[in-house]
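Q: Quick note: the sequence shown, position 198, residue 198 per full-length UniProt numbering, numbers continuous.
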Amino acid sequence: MKITKICCIGAGYVGGPTMAVIAQKCPHIQVTVVDLNEQRIKDWNDPNTDNIPIYEPGLSEIVAEARGRNLFFSTNVEEAIDEAQIIFISVNTPTKTYGKGKGMAADLKFIELCARQIAKVSKNNKIVVEKSTLPVRTAEAIKSILDNTGNGVQFQILSNPEFLAEGTAVTDLLNPDRILIGGDSTPEGESAINALVDVYANWVSKDKILTTNVWSSELSKLTANAFLAQRISSINAMSELCEKTGADVSEVARAIGMDSRIGSKFLKASVGFGGSCFQKDILNLVYIAKSYGLNEVADYWEQVIIMNDYQKRRFSNKIVQTLYNTVADKKITFLGWAFKKDTNDTRESAAIYVADDLINEQAKISVYDPKVSRNKILSDLDYLEARKSSANADAVLTFEDSYEACKGAHAIAILTEWDEFTQYDWQKIYDSMQKPAFVFDGRNILNAKDLKSIGFIYNGIGS
Ligand code: NAD
Ligand code: UDX
């Protein structure tokens, strides 16, 4: 099948960048990204591509190149489905907040809505691609909906999980470690797989395009995220032991990382992992394991989350303890709110939980983040439903200027590893703070020796 039109349902952190790169690399394919969220589509169509709704290094340039040529953003979901030969489903699959599996299972209501809409609109055969991260065997449910509610046309369902990380989405998409495509081993399934392989082959070498059965592909995505998060919880667990014993977690990470069987990446001890994926996907994995009665498997993976929650709490406790067991009415400045550098995404950011703990202790939080707005920070805190919105608004000040944010502070906490924090004039910051001046470096990005020689009382993670 020659692919000339692709539709992607969901213009979020995955759908937007992924489709922008496909459009850039495949000028012969018309790519339409649709979303129900009108504001989001309006923002993607902003004449100034610096204002697109997702900040990723290099993304606005790609959108500027392809948008209006073969990349379109639209709210007309039905038209885009009708015209496309391949439909990517890239909608959100958050943790359920109600009913059976509340707090654990993935909420598939948006996926089901997509399947029903595709079934209703399609008048010719389609390839439907699961781009969202889904529980293993979801393709079965999608197929059942498509086959039973459709207009008698043929659907092939492929699983093609996305492995990009935020903050490096564009380079990850341009140079992926691998592309994973799961499909049926029937002739129709294989021809669908080949059609999708051909799209990626426009810029990814064929030896990096892996094809598997659908269930392996679905489960590989959950497994990859579980393994990655497990490394962070493992090194974070060691960070506390380092603090007790005089070992230094950065040195330990370096020493073990040089073992080629372990590898050096993803061993940075931190205030705890955040982001929309790791926690959600592991909880989902735990839920799936439990649903098959695999309690030991479930407990094993749940520990990754338990350790991460502990690491976030440990950080806020350390601040309170170090500040003489009270932070009431003290100004604590957060440098960074995003869950990692180079993104404006704050979902599940450790900063939210650390701030919540400190507000409970009646601290006054001042926040500076180069990419996150005051509204976003307050809505993140309101989402926890820990107190009234007005109380959050009273407890949190936000600043456009980092030096202003630090002025008069009792302590500074680094929550995100933005590069600019390492370039600051820390003497100037020290001079403007209350004394003793404390720094809690939740990302181990500052030079401890330099800060101590200025006069700071410096606390890193794991040393
Ligand atoms: P997101 O919330 O940023 O975007 C999802 C979009 O889908 C939203 O704009 C929403 O309005 C839209 N949507 C929901 N239902 C819709 C419908 N029926 N019709 C049209 N639009 C609809 O989510 P995201 O971060 O892009 O994640 C999408 C999926 O990709 C999730 O399953 C996630 O687990 C997975 N994933 C995310 C990342 C990441 O880094 N964020 C990486 C890999 C995989
Ligand atoms: C993750 C996966 O990496 C990606 O493959 C998947 O597609 C989506 O989920 P993402 O959450 O965007 O990507 O970013 P990632 O770089 O994995 O970081 C997640 C969190 O872990 C961040 O809060 C980050 O700061 C933290 N982290 C990462 C550490 O604390 N230490 C590390 O060594 C690495």
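Heads up, the beta-carbon is just placed ideally off N, CA and C, and yes, glycines get one too. Since the structure is predicted, the reported quantities are computational estimates derived from the model, not experimental observations.
Does the Cβ of H28 have 16 or more other Cβ atoms within 10 Å, making it buried, or fewer, making it exposed?
A: Taking the first residue of the sequence shown as position 1, residue 28 is located at position 28. Answer is exposed; the Cβ neighbour count stays below 16.
Q: Apply the 10 Å Cβ neighbour rule to T186 and answer buried if 16 or more other Cβ atoms are within range, or exposed otherwise.
A: Position 186 of the sequence shown holds residue 186. Exposed is the call here.
Q: Which of the three DSSP states, helix, strand or coil, is assigned to G15?
A: One-based indexing of the sequence shown puts residue 15 at position 15. The answer is helix: DSSP assigns G15 an H, G or I state.
Q: Taking the DSSP output, what are the residues bridged to E130?
A: Along the sequence shown, read from residue 1 onward, the residue named residue 130 stands at position 130. Note: E130 sits in a beta bridge opposite I89 and S159.
Q: In three-state terms, what does DSSP make of S144?
A: Along the sequence shown, read from residue 1 onward, the residue named residue 144 stands at position 144. Here S144 sits in helix by DSSP.
Q: CB-CB under 8 angstroms to I457, same chain, minus the five flanking residues each way: which ones, in chain order?
A: The sequence position of residue 457 within the sequence shown is 457, counting from 1. T322, P436, A437, F438 and V439, listed in sequence order.
Q: Let me confirm a value: M19 is counted as buried when at least 16 other C-beta atoms fall within 10 Å, else exposed. Which label applies?
A: Within the sequence shown, residue 19 is the residue found at index 19, counting from 1. With 16 or more Cβ atoms within 10 Å of its Cβ, M19 is classed as buried.
Q: If you draw a straight line from the alpha carbon of I142 to that of V204, how long is it in whole angstroms?
A: As a working mapping, residue 142 is identified with position 142 in the sequence shown. As a working mapping, residue 204 is identified with position 204 in the sequence shown. If I take the Cα positions, the gap works out to 28 angstroms.
Q: Which of the three DSSP states, helix, strand or coil, is assigned to K364?
A: The residue given as residue 364 occupies position 364 in the sequence shown. Of the three classes helix, strand and coil, the one that applies to K364 here is strand, per DSSP.
Q: Quick one: is the Cβ of F440 within less than 7 angstroms of any heavy atom of ligand 2?
A: Translated into positions along the sequence shown, residue 440 becomes position 440. No, since every heavy atom of ligand 2 falls outside the 7 angstroms radius drawn around the Cβ of F440.
Q: Determine, using beta-carbon pairs with one atom in the region 94-111 and one in the region 187-195, whether at least three such pairs fall under 8 angstroms.
A: These segments do not touch.
Q: In terms of residue numbering, what span does the beta strand (DSSP E) encompassing I457 cover?
A: Here residue 457 corresponds to residue number 457 of the sequence shown, with the count starting at 1. Its beta strand (DSSP E) spans residues I457 to N459.
Q: With DSSP as the reference, label C7 as helix, strand or coil.
A: The count along the sequence shown starts at 1 and reaches residue 7 at position 7. In this structure, C7 counts as strand in the three-state DSSP scheme.
Q: Measuring alpha carbon to alpha carbon, tell me which of L283, I262 and V249 ends up nearest K268.
A: The residue given as residue 268 occupies position 268 in the sequence shown. Checked all of L283, I262 and V249; the closest Cα to K268 is V249.
Q: Less than 8 angstroms between the C-beta atoms of T422 and L446, yes or no?
A: Translated into positions along the sequence shown, residue 422 becomes position 422. Translated into positions along the sequence shown, residue 446 becomes position 446. A contact, by the Cβ cut-off of 8 angstroms.
Q: Would the region 294-307 and the region 383-390 be scored as touching if the rule is three or more Cβ pairs under 8 angstroms?
A: No, they do not touch.
Q: If you pair each beta-carbon of the region 166-181 with each one of the region 333-350, do three or more pairs fall below 8 angstroms?
A: Result yes; three or more Cβ-Cβ pairs closer than 8 angstroms.
Q: Report yes if the C-beta of I232 is less than 7 angstroms from at least one heavy atom of ligand 2; otherwise report no.
A: Taking the sequence shown and counting its residues from 1, the one referred to as residue 232 is at position 232. I232 Cβ: within cutoff of ligand 2.
Q: Is S270 near ligand 2, with its Cβ less than 7 angstroms from a heavy atom?
A: Here residue 270 refers to the residue found at position 270 of the sequence shown. Correct: S270 has its Cβ closer than 7 angstroms to ligand 2.
Q: Could you give the distance in angstroms between the alpha-carbon of I22 and the alpha-carbon of G68?
A: For the purposes of this step, residue 22 is identified with residue 22 of the sequence shown, where counting begins at 1. For the purposes of this step, residue 68 is identified with residue 68 of the sequence shown, where counting begins at 1. Straight-line Cα distance between these residues: approximately 14 angstroms.
Q: Which runs of the beta strand (DSSP E) at least 3 residues long sit entirely within the region 307-360? Give them in chain order.
A: The qualifying runs are 331-335.
Q: Can you tell me whether N125 is buried or exposed? The criterion is at least 16 other CB atoms within 10 Å of its CB, across all chains shown.
A: The count along the sequence shown starts at 1 and reaches residue 125 at position 125. Exposed: under 16 other Cβ atoms inside 10 Å.
Q: Buried or exposed for S390, please, with buried defined as at least 16 other CB atoms from any protein chain shown within 10 angstroms of its CB.
A: Counted from its first residue, the sequence shown places residue 390 at position 390. By the 10 Å Cβ count, S390 comes out exposed.
Q: How long is the line joining the alpha carbons of I127 and L180, rounded to whole angstroms?
A: The residue given as residue 127 occupies position 127 in the sequence shown. The residue given as residue 180 occupies position 180 in the sequence shown. One C-alpha to the other measures close to 16 angstroms.
Q: For M1, does the count of other Cβ atoms within 10 angstroms reach 16, so buried, or fall short, so exposed?
A: For the purposes of this step, residue 1 is identified with residue 1 of the sequence shown, where counting begins at 1. By the 10 Å Cβ count, M1 comes out exposed.
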